[in-house]
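Visitor: Let me begin by handing over the structure; questions about it come next.
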Amino acid sequence: MGEKLNIDEGEVCWDLALAGLAEEEHRRLGRTLRVGDFSRIARENATRLDDIMGTVFELCICGRWSYQGADGSDTQITRDMVDKLSRDGRLDEFDLAAYSGGWCPRL
88 MGEKLNIDEG EVCWDLALAG LAEEEHRRLG RTLRVGDFSR IARENATRLD
138 DIMGTVFELC ICGRWSYQGA DGSDTQITRD MVDKLSRDGR LDEFDLAAYS
188 GGWCPRL
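The opening residue of the sequence shown carries number 88 in my numbering; numbering runs sequentially from there.
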């Protein structure tokens, strides 16, 4: 799966398996991933969209992934943004509608 990083799993605050699925899909498609892509990945792998998006948001917060808004500009994902999204419980596509751009690993 691309470059291997020395990661102390005790310090990781995201799901390594879900991160791997997202990275694999990004490589396969060769483009940024959108909410619909993550929704499909979740369905195909019998996991919740909330879990995979939680992983992607954590990857963005830690600087391993980035989010580009619909206009193509980089948008920083912050802990406050994620906390506001998830305050009502699990995320779904409706909650994520404002995120119509794309996510990708940082090079």
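Ideal placement from N, C-alpha and C gives every residue a C-beta, glycine not left out.
Quick one: Cα of S160 to Cα of G188, how far?
Guide: Straight-line Cα distance between these residues: approximately 9 Å.
Visitor: Count Cβ pairs between the region 121–137 and the region 147–160 that sit closer than 8 Å; are there 3 or more?
Guide: Contact fails: fewer than three Cβ-Cβ distances are below 8 Å.
Visitor: Can you tell me whether C100 is buried or exposed? The criterion is at least 16 other CB atoms within 10 Å of its CB, across all chains shown.
Guide: Label assigned to C100: exposed.
Visitor: Can you tell me whether DSSP reads C147 as helix, strand or coil?
Guide: Helix.
Visitor: Please list the terminal residues of the continuous beta strand (DSSP E) segment that includes S153.
Guide: Unbroken beta strand (DSSP E) run through S153: W152 to Q155.
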